[in-house]
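K.L.:
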Amino acid sequence: MADWLSPDEWNAVLLSLRVSFWAVLISLPFGLLVAHALARWEFPGKQVLNGIVHLPLILPPVVTGYLLLITFGRKGSVGQYLDQWFGIVFAFRWTGAVLAAAVMAFPLMVRAMRLAIEAVDPKLEQAGATLGASKPWVWLTVTLPMILPGVVAGAILAFAKAMGEFGATITFVSNIPGQTRTLPTAIYSFMQVPGGEAQAARLVWVAIAIAMAALLLSEWVSRLVARRISGK
Amino acid sequence: MADWLSPDEWNAVLLSLRVSFWAVLISLPFGLLVAHALARWEFPGKQVLNGIVHLPLILPPVVTGYLLLITFGRKGSVGQYLDQWFGIVFAFRWTGAVLAAAVMAFPLMVRAMRLAIEAVDPKLEQAGATLGASKPWVWLTVTLPMILPGVVAGAILAFAKAMGEFGATITFVSNIPGQTRTLPTAIYSFMQVPGGEAQAARLVWVAIAIAMAALLLSEWVSRLVARRISGK
Amino acid sequence: MTLSVSLRHSFPGITLDVAFDAPQGVTALFGRSGSGKTTVVNAVAGLLRPDHGRITLGDRVLLDTAQRVVLPPHKRRIGYVFQDARLFPHLTVRQNLLYGRWFAPKGKAGAEFDQVVDLLGIAPLLARRPGHLSGGEKSRVALGRALLSAPDLLLMDEPLAALDEARKAEILPWLERLRDTVRVPILYVSHSHAEVARLAITVVMLEAGRVTRTGPVAEMLADPVSARREAGAVMTVQVGPTESDGLTRLDSAGGPLWLALSGMAEGARIRLRIPARDVMLARQRPEGISALNILECRVGEISVLSGDVMVRLAVGDEALLAQITPRSARGLGLEPGMPVFAVVRTIAVATGAPG
Amino acid sequence: MTLSVSLRHSFPGITLDVAFDAPQGVTALFGRSGSGKTTVVNAVAGLLRPDHGRITLGDRVLLDTAQRVVLPPHKRRIGYVFQDARLFPHLTVRQNLLYGRWFAPKGKAGAEFDQVVDLLGIAPLLARRPGHLSGGEKSRVALGRALLSAPDLLLMDEPLAALDEARKAEILPWLERLRDTVRVPILYVSHSHAEVARLAITVVMLEAGRVTRTGPVAEMLADPVSARREAGAVMTVQVGPTESDGLTRLDSAGGPLWLALSGMAEGARIRLRIPARDVMLARQRPEGISALNILECRVGEISVLSGDVMVRLAVGDEALLAQITPRSARGLGLEPGMPVFAVVRTIAVATGAPG
Amino acid sequence: AASMKNALDEVAAKFGEETGNTVVISYAGSNALARQIIEGAPADIFISAAVNWMDEVERAGLVVDGAREDLLGNTLVLVAHGKDAAPVEIGAGFDLRALLGDGKLAMALVDSVPAGQYGKAALEHLGQWSAVEGSVAQADNVRATLALVAQGEAPYGIVYATDAVAEDNVTVAGTFPADSHKPIVYPAALLSGAADAADRAFYEALSGDEADKIFAAEGFAILN
Ligand SMILES: Nc1ncnc2c1ncn2[C@@H]1O[C@H](COP(=O)(O)OP(=O)(O)OP(=O)(O)O)[C@@H](O)[C@H]1O
Ligand SMILES: Nc1ncnc2c1ncn2[C@@H]1O[C@H](COP(=O)(O)OP(=O)(O)OP(=O)(O)O)[C@@H](O)[C@H]1O
Ligand SMILES: [Mg+2]
Ligand SMILES: [Mg+2]
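Chains as they are written, first to last, in this note's numbering: chain L, 114 to 345; chain B, 114 to 345; chain S, 101 to 455; chain Y, 101 to 455; chain X, 24 to 247.
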């Protein structure tokens with residue numbers, strides 16, 4: 114395979130994996146928090162939060178990318194402070210691709226987790242509480258294990274979306290080989306080039322292979338967890 | 114509002130609503146079927162089906178649009194027969210936009226429904242069976258009502274995605290005012306022009322408003338259903 | 101219609117190997133927790149497919165693994181009261197109750213809705229959903245749901261376990277009547293000897309997945325070894341006239357018994373369950389005593405059971421059991437063949453066809 | 101430590117208005133299905149926040165709606181045996197059992213793991229997950245889980261309802277010992293008079309959300325009106341020497357009683373529950389009879405109860421109840437003040453501190 | 024613009040070989056790139072497919088004075104579906120409406136994508152726009168436009184000459200006269216963030232002979 118892909122393409126594949134991995138990993142805790150908040154808490158602005166989470170889904174990726182650019186760009190309203198105070202720069206770095214992918218994948222992740230949390234029987238959590246476990250402990254020892262299949266589903270959806278994310282990424286952090294040139298961006302680029310379809314097709318197969326591998330892995334994990342819960 | 118948007122934009126909004134509505138409606142039964150199959154049945158090729166369902170998520174929309182074009186286009190491998198035998202034409206029609214939106218939204222819909230189906234306690238379905246309900250009846254009277262929140266969640270995700278879908282749509286059925294010029298395409302067009310941000314923003318607000326309305330509606334339905342199930 | 105069950109099934113920890121016939125009326129599945137009662141009931145319902153087995157109901161084959169016949173649950177026409185209620189959370193209590201009726205064969209009348217609702221005391225709950233019902237309320241609705249589905253076979257897995265004595269006392273006579281009018285076999289899982297003695301005609305004893313004994317309830321419950329703690333005998337008597345103070349005379353081979361019974365036709369033969377602990381023995385007929393029910397009988401087999409003495413008594417050709425202390429046995433000088441008087445406080449009256 | 105409960109809460113269909121004190125030992129919550137027992141227990145556990153109420157345990161305030169004090173459930177240090185088991189499906193039985201221990205205050209020893217596992221007979225299940233446990237197995241694990249969490253207060257909602265008599269008979273003495281050694285209040289919901297008589301010291305009667313009566317178990321169960329069906333008296337006696345045939349003499353004001361008891365220290369005072377139905381009356385001391393336990397007493401109040409006559413007897417300054425037929429009452433010519441002999445078959449022995 | 028990829032990659036590779044410097048190129052839509060540059064992207068050279076986006080960047084003060092030039096030019100062609108479609112005379116007797124029948128004319132977005140804007144201008148100039156306006160299928164870029172024609176979804180399309188060459192399934196039926204639309208130019212500029220001599224060297228190499236040859240081979244017109 115290393116032969117079959119040019120080093121540049123190979124880089125794009127690795128970069129995509131890296132970006133997707135980090136996008137999922139970093140958004141996981143936020144996703145869980147937001148999903149939990151939407152599923153269980155009542156607070157003013159809940160529906161606004163719900164709306165914001167769904168925004169990346171409903172807006173054309175170009176718009177999301179643009180909004181990211183003017184917010185987290187080097188001169189962006191938030192980006193400049195992140196840079197000044199923490200030295201975090203997203204613009205035109207692979208970290209920016211991670212941010213874009215995470216934002217785009219967030220609604221999918223949150224929905225899956227939220228459904229899972231809503232399906233947990235609060236009676237079990239109550240049982241945990243009567244046995245002396247505080248809220249965080251109940252969450253960790255009862256809720257989390259029970260929602261694991263949903264978390265895996267959410268993560269895998271997010272991973273797939275992150276692997277395929279392109280519009281927001283290229284708008285936000287451009288298409289820089291080795292930094293922000295992910296697999297879909299590469300595919301897109303090839304599609305733009307006269308006669309590039311064959312090359313694009315090759316990368317498409319790579320993308321499909323990765324997706325299938327991730328899916329199989331997630332199915333396996335879900336099944337394992339589900340079987341444990343169903344009581345074997 | 115009619116004043117605030119030009120007739121063309123107004124058309125794009127209405128078309129987007131129509132396309133999304135039909136995309137969700139038509140994919141609902143297939144989504145339920147596939148979700149059920151993935152959640153409950155064992156069959157050879159299950160993982161392949163799972164993979165195919167997720168493909169539109171992982172591929173750049175352009176690629177999906179291109180694949181749709183060469184499959185369902187007027188001369189496409191499937192499209193030509195659809196045309197000959199049933200007189201169904203997708204190319205450059207709003208129906209094509211529906212197809213593109215449905216395909217792109219499908220993975221989201223299926224995941225949500227699948228999670229819901231997996232959360233249904235088979236013991237309740239067994240209870241239905243002992244009371245004389247055949248499998249389809251059990252599904253209709255027990256399973257379906259229980260997964261309704263998941264179905265609503267899936268539908269709303271799909272609707273949001275369909276409202277935002279753009280890359281595959283424009284590649285597959287291009288951008289014909291009144292036929293395939295949806296809201297995101299219009300937004301995209303504005304974004305391509307220097308200084309078009311303000312005009313794009315107007316449409317973005319419309320998109321957000323619609324999304325919020327749909328979300329609120331779905332939350333309300335879910336809550337209603339959930340409250341019924343939790344036993345009030 | 102007879103239910104005939106024979107099955108073998110292995111779980112990781114336990115192997116089930118069970119065969120028994122359940123005739124018309126109530127067959128009790130009896131056994132300790134974890135002995136396989138629910139598993140057997142599930143197999144009959146079609147919710148568990150045993151490794152090997154054959155289950156027939158009358159001439160309908162429900163399952164025959166050798167012939168690869170497996171009737172799906174919804175075609176078995178059963179009413180199953182689950183050990184864990186399993187109400188439909190999205191339906192109201194009324195809808196839950198009527199669910200089975202929807203699918204029942206047309207023209208087949210089940211129990212009367214209003215009557216069942218009244219009996220179970222669930223009228224105030226009809227419009228509610230099951231989510232916040234109390235434990236006993238749930239089990240009553242589950243019972244009603246199964247009764248109303250007009251089944252050919254009733255499976256009841258500890259249907260009364262969550263109910264208070266008063267409610268039980270209302271439901272039991274009704275179940276007795278059901279048993280005698282609706283002529284369907286009932287498979288009844290229970291831990292309560294009293295319930296079983298009242299309702300059951302046949303008892304199947306399970307232990308660790310195997311049938312250890314099976315037979316008519318009279319024999320089984322009179323068997324001191326298999327039913328140690330709650331041993332007792334079942335005796336058939338004939339209903340005589342009811343006197344002015346409300347007591348009905350019951351004629352047995354050992355003399356008359358007096359009981360407050362109502363609505364019992366004179367001349368009918370009914371079954372009484374007499375727990376061994378509630379029988380005292382006396383050498384002479386006691387006088388000036390509040391006990392009304394004194395039977396003449398003859399001492400049979402005397403067995404010693406962990407600290408107690410179990411005396412089998414012959415009353416005509418029926419058996420009675422008395423559980424007394426060794427000291428009393430010595431004091432009375434009991435010997436097989438000796439005539440004695442049994443002073444009885446009847447606990448359970450099991451109406452219906454004699455077993 | 102005393103648990104003191106007072107609360108008011110409205111559900112759409114029923115309003116709860118309850119106040120009672122539960123001292124050391126077992127307090128039984130008694131009442132028909134749907135009377136509000138589980139709701140009260142939930143409020144004590146902190147799972148339900150009543151509209152108004154105050155709940156204290158010793159000097160800890162668990163809830164005081166007036167002062168807006170609401171201790172969350174995990175700080176209440178309770179062990180709750182739920183009516184519906186509620187085992188954690190993702191943990192093995194062993195992990196379920198040990199869950200509470202994890203969070204128990206260090207140094208506070210709960211029950212011994214091996215001992216509890218043995219008693220409940222769940223050793224073979226330890227490695228399994230709860231999904232496919234039988235009904236009784238689930239309830240035993242739930243019981244074990246609560247017992248092992250080293251609580252300051254035990255809440256038991258029909259913990260033994262799903263168990264067979266044999267298993268119950270093993271667990272009850274153990275609970276008695278628990279009650280007497282681990283000095284925590286126990287709130288115990290049960291439908292069984294026998295269980296309550298054995299375990300409880302205080303009884304709280306609920307009816308439709310209201311406390312109708314509350315008091316020591318002796319009074320409550322001897323009250324013929326409130327406990328119609330299973331009326332009985334609780335009597336305190338002193339343990340005497342055990343004779344060679346294994347029977348222990350128990351001294352009461354009405355004469356000696358003989359019972360097979362073991363491990364009871366001579367001189368201890370214990371409680372016996374004597375169901376009214378198990379007491380026969382005789383004008384003369386019966387001779388040549390298998391009953392060992394005959395008490396001299398004096399007739400007290402005579403009341404007529406739906407077809408039966410309930411006779412209150414004075415044995416020294418304790419009360420005994422006898423339930424006999426009107427015909428017997430007439431036959432014996434009973435009158436208040438008349439000396440009679442009570443022939444007793446003691447059913448329940450309630451050990452522990454006298455109520 | 025992504026359509027320049029092949030040629031620009033080659034130029035960059037050559038430059039790299041000669042100077043030992045590596046050139047990092049980010050291909051994206053002109054609008055995206057321009058916005059990124061305005062938002063502080065660390066770019067040294069900007070080549071745009073659209074004059075207006077270069078103007079934007081210049082207006083933001085990010086172009087080094089005098090370091091902007093029109094690098095390349097392109098022509099607009101009418102492509103037809105099939106390997107050997109009949110040539111079309113685009114001039115006086117040109118009747119696109121009749122040519123299309125009830126088919127569609129594939130173009131890039133006529134209001135926002137340069138190829139579409141040029142195409143619309145040309146058709147207006149030729150008096151054809153109002154006749155075909157309702158039959159125009161707009162794609163979001165030139166390649167998608169070409170795909171529509173290649174697939175036979177649309178019998179004709181308007182694309183750049185440089186894109187038309189690579190597609191087997193289309194024929195260039197005619198070339199739009201250069202005076203029918205504003206000149207198609209690809210401006211290049213050295214940006215103010217450019218730090219060193221190497222940047223300037225590459226900027227100059229873009230208009231060098233070597234580069235000219237490569238661009239010309241891909242069908243671009245050399246403007247400098
Ligand atoms: N799917 C399963 N896998 C493994 N073991 C099982 C399974 N189902 C049941 N068992 C075991 O088989 C035994 C019999 O279970 P069953 O539910 O039939 O008991 P039961 O007689 O109904 O008991 P109870 O009175 O407690 O309800 C139990 O020990 C149970 O743990
Ligand atoms: N959340 C609720 N909403 C409405 N009614 C409720 C709710 N929770 C309980 N109830 C009702 O309050 C009454 C008391 O319920 P509770 O569970 O306390 O009864 P219980 O005494 O434990 O009965 P059981 O012996 O059947 O378990 C029942 O009629 C029940 O239906
Ligand atoms: Mg069972
Ligand atoms: Mg309860």
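We put the beta carbon where it would ideally sit given N, CA and C, even for glycine.
Around the Cβ of Ala246 of chain Y, are there at least 16 other Cβ atoms within 10 angstroms (buried) or fewer (exposed)?
P.N.:
buried
K.L.:
At a cut-off of 7 Å, would you count Lys236 of chain L as near ligand 2, judging by its Cβ distance to the nearest heavy atom?
P.N.:
no
K.L.:
Quick check on the DSSP output: what are the complete alpha helix (DSSP H) runs of length 4 or more inside the region 240-306 of chain Y, in order along the chain?
P.N.:
265-281 and 293-299
K.L.:
Between Met325 of chain B and Ser133 of chain B, is the Cβ-Cβ spacing less than 8 Å?
P.N.:
No, the pair does not count as a contact, with Cβ atoms beyond the cut-off.
K.L.:
My assumption, with CB atoms under 8 Å, is that Ala299 of chain L sits in contact with Glu122 of chain L. Please give the rounded CB distance.
P.N.:
6 Å
K.L.:
Could you tell me whether the Cβ of Met438 of chain Y comes closer than 8 Å to any Cβ of chain S?
P.N.:
no
K.L.:
To the nearest angstrom, how far is the alpha carbon of Ala185 of chain Y from that of Ser239 of chain Y?
P.N.:
5 Å
K.L.:
Locate the beta strand (DSSP E) running through Ile155 of chain Y, then write down its first and last residues.
P.N.:
His152 to Leu157
K.L.:
How about Asp222 of chain X and Asp67 of chain X: do their beta carbons lie closer than 8 Å?
P.N.:
Yes, Cβ-Cβ distance for Asp222 of chain X and Asp67 of chain X is below 8 Å.
K.L.:
Can you grab the Cα-Cα spacing for the pair Leu275 of chain Y / Val409 of chain S, in whole Å?
P.N.:
28 Å
K.L.:
Taking 8 Å as the cut-off, decide whether the C-beta atoms of Ala432 of chain Y and Ser344 of chain S are in contact.
P.N.:
Note on identity: in this sequence residue 432 of chain Y is Leu, with Ala being the wrong assignment. No, they are not a contact pair.
K.L.:
Quick one: is Tyr180 of chain S buried, meaning 16 or more other Cβ sit within 10 Å of its Cβ, or exposed?
P.N.:
buried
K.L.:
Taking the alpha-carbon positions, what's the His174 of chain Y to Lys206 of chain Y distance?
P.N.:
The alpha-carbon of His174 of chain Y is positioned some 15 Å away from that of Lys206 of chain Y.
K.L.:
Could you check what DSSP says for Leu181 of chain B in three-state terms: helix, strand or coil?
P.N.:
helix
K.L.:
If we cut at 8 Å on Cβ distances, does Ala64 of chain X have a partner in chain L?
P.N.:
yes
K.L.:
Check for me: the beta strand (DSSP E) holding Ile424 of chain S runs from which residue to which?
P.N.:
Glu418 to Ile424
K.L.:
Residues of chain Y with CB closer than 9 Å to the CB of Asp151 of chain S, please, in chain order.
P.N.:
Chain Y residues near Asp151 of chain S: none, gap ~16 Å exceeds 9 Å.
K.L.:
CB of Lys238 of chain Y to nearest heavy atom of ligand 4: below 7 Å?
P.N.:
no
K.L.:
Closer than 7 Å to a non-hydrogen atom of ligand 3 - does that hold for the CB of Ser292 of chain S?
P.N.:
no
K.L.:
Please state the DSSP three-state secondary structure of Ile374 of chain S.
P.N.:
strand
K.L.:
Just verifying my parser: in three-state terms, what is the DSSP assignment at Thr138 of chain Y?
P.N.:
helix
K.L.:
Between the region 114-129 of chain S and the region 150-166 of chain B, are three or more C-beta pairs nearer than 8 Å?
P.N.:
no
K.L.:
Just to confirm the assignment, what range does the alpha helix (DSSP H) spanning Asn54 of chain X have?
P.N.:
Ser53 to Ile61
K.L.:
To the nearest angstrom, how far is it from the Cα of Gly175 of chain X to the Cα of Leu128 of chain B?
P.N.:
26 Å
K.L.:
Evaluate Asp257 of chain S with the Cβ neighbour count: other Cβ atoms within 10 Å of its Cβ, from every protein chain shown; 16 or more gives buried, anything less gives exposed.
P.N.:
Asp257 of chain S should be labelled buried.
K.L.:
In terms of DSSP beta bridges, what is Ile70 of chain X paired with?
P.N.:
X:Ala211
K.L.:
Going along the region 373-398 of chain S in order, which residues come within less than 9 Å of chain Y, judged by CB to CB distance?
P.N.:
Those residues of the region 373-398 of chain S that come within reach of chain Y (Cβ to Cβ, closer than 9 Å) are Arg377, Asp378, Val379, Met380, Leu381, Ala382, Arg383, Gln384, Pro386, Glu387, Gly388, Ile389, Ser390, Ala391 and Leu392.
K.L.:
With hydrogens ignored, establish whether the beta-carbon of Phe182 of chain S is closer than 7 Å to any heavy atom of ligand 1.
P.N.:
no
K.L.:
Count the other C-beta atoms from every protein chain shown that fall within 10 angstroms of the C-beta of Pro290 of chain L, then say buried if there are 16 or more, exposed otherwise.
P.N.:
buried
K.L.:
Within 10 angstroms of its Cβ, does Gln215 of chain Y collect 16 or more other Cβ (buried), or is it exposed?
P.N.:
The residue in question, Gln215 of chain Y, is exposed, as its Cβ has fewer than 16 Cβ neighbours within 10 Å.
K.L.:
Rounded to whole angstroms, how far is the Cβ of Leu221 of chain L from the Cβ of Leu329 of chain B, which I believe are closer than 8 Å?
P.N.:
Not a contact, Cβ separation roughly 20 Å.
K.L.:
From the DSSP secondary-structure annotation, give me the bridge partner or partners of Gln338 of chain Y.
P.N.:
Y:Asp351 and Y:Arg369
K.L.:
Give me the Cβ distance between Val317 of chain Y and Ile301 of chain Y, rounded to the nearest whole Å; I'm assuming they're in contact under 8 Å.
P.N.:
Contact between Val317 of chain Y and Ile301 of chain Y holds: CB atoms are separated by about 6 Å, below the 8 Å threshold.
K.L.:
Need the endpoints of the beta strand (DSSP E) that Val105 of chain Y sits in, please.
P.N.:
Leu103 to Ser110
K.L.:
What's the C-alpha gap between Phe303 of chain B and Pro65 of chain X?
P.N.:
26 Å
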